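S.K.: Here the sequence shown stands for residues 1 to 385, numbered as in full-length UniProt numbering.
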Amino acid sequence: MKGQAYITGIGMSEVAVRQTRHPLLLTLDAVREALAEAGLTVGQIDGVSTYPGRMPAYLGFSPVGADELIDALGIHARWYAGGGEISSQLGAVVAAATAVRAGLARHVICFRTVYEAAAMARPGEYPPLRRDRVDGASQWTAPFGALSAANWTAQYAMRHVKKYGLTREQLAQVALTDRTHALLNPRALVREPLTMEQYLSARMISTPLCLYDCDRYTDASTVLIVSAGDALDEVCCAPVRIAAMAGSVERHSWDQAEWMACYPTGAELWKHTDYTPADVDTVQLYDGFAFYPIAWLEALGFCGIGEGGRFIEGGTRIGLNGELPMNTFGGQIGAGRLHGFGFAHEAVVQLRGLGGARQIPGNPKVAIATSGGGPLATALLLARD
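1. Tell me whether the stretch 240-260 and the stretch 211-221 touch, counting them as touching only if at least three CB pairs, one residue from each stretch, are closer than 8 Å.
2. Buried or exposed for Asn321, going by 16 or more other Cβ atoms inside 10 Å?
3. CB-CB under 6 Å to Asn151, same chain, minus the five flanking residues each way: which ones, in chain order?
4. Please report the residue range of the beta strand (DSSP E) in which Phe111 lies.
5. Nearest to Gln139 by CA position, among Cys262, Pro123, Ala119, Ser253, is which residue?
6. Would you check if there are 3 or more beta carbon pairs closer than 8 Å linking the stretch 16-35 to the stretch 99-114?
7. Along the chain, where does the alpha helix (DSSP H) that runs through Ala299 open and close?
8. Beta-carbon within less than 6 Å of Arg106's beta-carbon, same chain only, minus the 5 sequence neighbours each way: which residues are those?
9. How long is the line joining the alpha carbons of Asp132 and Gly53, rounded to whole angstroms?
10. Jot down the residue ranges of each uninterrupted alpha helix (DSSP H) in the stretch 245-277, minimum 4 residues, whole runs only, in chain order.
11. Mapping DSSP to helix, strand and coil, what is Ser201?
12. With burial defined as no fewer than 16 other Cβ atoms inside 10 Å of the residue's Cβ, what is the status of Phe289: buried or exposed?
13. Start and end of the beta strand (DSSP E) containing Thr370?
14. I'd like the list of long-range same chain contacts for Gly306, defined as Cβ closer than 6 Å, with 5 residues on each side in sequence excluded.
15. Keeping to the same chain, check which residues put their C-beta closer than 6 Å to that of Ala299; ignore five residues upstream and five downstream.
16. Can we say the stretch 279-296 touches the stretch 152-163, given the rule of at least three CB pairs closer than 8 Å?
Encoded structure:
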């Protein structure tokens, strides 16, 4: 076990919209739950890792930094990190795993706190991001009215529509599956089922993406504790090994990228493990927009490039009783936008057999969790030894 990294404690605050509880307090709620599950105390934590760090100019997106959590809990950190210039959200977990493998820390709290719904409701406290000029990457998008990641992602999706024949009915299976699974998750934000008729009649946001292809703003915090392999005698939960990890940046801009970063990331992941796609029991794939899981399925080798739509057609294959259960907690479209960390949280829940009504059958031992997928991407292969 020495030289390995494991996810031990996991925690999540209340997931809601327009919360009044301070985002730092939501973070502390999730930390307490993770510590209690792991059987650890604050005194045993010696590292903190977060994405993207506190952003004063955009507090709704990231209101809490690593230094604030360290001060609030009185953590004696030997190593800590927080920043956005990494390979997407779960890159913070990759950084923590690298640190514990190198002996720089023993137990690292990794967290992602979002407060976007509350910020929109209270703009006086959390001013929205405003610019009176365009510069940097925005000069290539804003003048053309492409102000949202929905616009940028839609370009990737339209290539699949035009080149590979992706249909709206196939794309719909991501949202329908997410909503079906969310009904079984007591923490999920969305509590109503979705029909194909409702999906097809929804207003378009950026073709081919409609309203139901977009995730939901939430206010919440998610925590994962990454522990060193030689520190597992200090925890009381079932550890989940980070068997492989990969990340990439495919042109750090949404403008005219040839391929999404998930494709090189998926190929790289398998270079670091003896596991193969056939060994995977469940996938928790980033779904900020419904096209991402389709691209990730292709990138990870579950189907060929261009075959993702046909792979999920009808939804049976990715349901709880299917051959590859996907986003079993409801994803960000059904459970709420936890911005990447919810996928690793759910992978651990499933591998521990703690999913309750949404627990996949059998004895799952291997899972994949991803974040991002556009210009930035991260993938984790998790195993219960």
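Idealized CB from N, CA, C, for every residue including glycine.
Only a predicted model underlies this, so the values are computations on that prediction, with no experimental measurement involved.
M.R.: If we stick to the structure as given:
1. no
2. By 1-based counting over the sequence shown, the position of residue 321 is 321. Exposed.
3. Looking up residue 151 in the sequence shown gives position 151. Only Ser206 meet the Cβ criterion.
4. Position 111 of the sequence shown holds residue 111. Its beta strand (DSSP E) spans residues 107-115.
5. Residue 139 sits at position 139 when you count from the first residue of the sequence shown. It is Ser253.
6. yes
7. Counting from 1 along the sequence shown, the entry for residue 299 is found at position 299. Here the alpha helix (DSSP H) through Ala299 covers 291-299.
8. Along the sequence shown, read from residue 1 onward, the residue named residue 106 stands at position 106. Asp46, Ala228, Ala231.
9. Residue numbering aside, residue 132 sits at position 132 when the sequence shown is read from its first letter. Residue numbering aside, residue 53 sits at position 53 when the sequence shown is read from its first letter. So the two alpha carbons sit approximately 24 Å from each other.
10. 262-269
11. Mapped onto the sequence shown, residue 201 falls at position 201. Ser201 sits in a helix when the DSSP states are folded into three classes.
12. Residue numbering aside, residue 289 sits at position 289 when the sequence shown is read from its first letter. Buried: at least 16 other Cβ atoms inside 10 Å.
13. Locating residue 370 in the sequence shown gives position 370, counting from the first residue. That run of the beta strand (DSSP E) goes 366-372.
14. If you number the sequence shown from 1, residue 306 lands on position 306. These residues qualify, in order along the chain: Tyr164.
15. Along the sequence shown, one-based indexing puts residue 299 at 299. Cβ neighbours of Ala299 beyond the five flanking positions: Cys262, Tyr263, Gly266.
16. yes
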